[in-house]
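The numbering of the sequence shown is the working numbering, which starts it at 3 and goes up by one.
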Amino acid sequence: MCQTGQVVFVVEVTLRTDPKGPDLTRALLPGYVAAKAERVGCGPEKVTLPPV
């Protein structure tokens, strides 16, 4: 929730090229949301993802 109302962060997940490699979406999403929320004045925001 921001001062101006609700904010939604959308992420498009494409197919992973190496299924055994790192899941970059899961690794980068929490930091991305925290940084964007802070930038637009809605932070701090913490995102936790369910276990895989």
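The C-beta atom is built at its ideal place from N, Cα and C for all residues, glycine as well.
1. Report all residues from its chain with a CB closer than 7 Å to the CB of ARG38; omit the five preceding and five following residues, and keep chain order.
2. Give, in chain order, every unbroken run of the alpha helix (DSSP H) that is at least 4 residues long and sits entirely within the region 23 to 52.
3. At the level of alpha carbons, what is the spacing between GLY43 and GLN8?
Short version:
1. Correcting the residue identity first, residue 38 is Lys in this sequence and not Arg. PHE11.
2. 26 to 41
3. 12 Å
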